[in-house]
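See the structure below:
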């Protein structure tokens with residue numbers, strides 16, 4: 051059991067050494083893209099919700 055655990059940890063460390071980590075600039079750029087896209091989608095969905103809510107209120111009331 052301990053041998054398998056030791057081998058697993060060793061292999062995991064080897065795999066982590068192969069990972070190409072993003073630079074700080076790439077991370078910052080991608081973070082801002084995610085925030086901008088999230089805000090755009092939120093604004094779009096808010097607008098759709100507002101329009102549909104207004105339409106339903108006018109037709110149902």
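In my numbering, the protein residues as written are 51 to 111.
C-beta: ideal position from N, C-alpha, C; glycine also.
- Annotated three-state conformation of residue 81 is helix, per DSSP.
- Here DSSP, grouped into helix, strand and coil, assigns residue 98 to helix.
- Going by C-alpha positions, residue 60 is about 23 Å away from residue 72.
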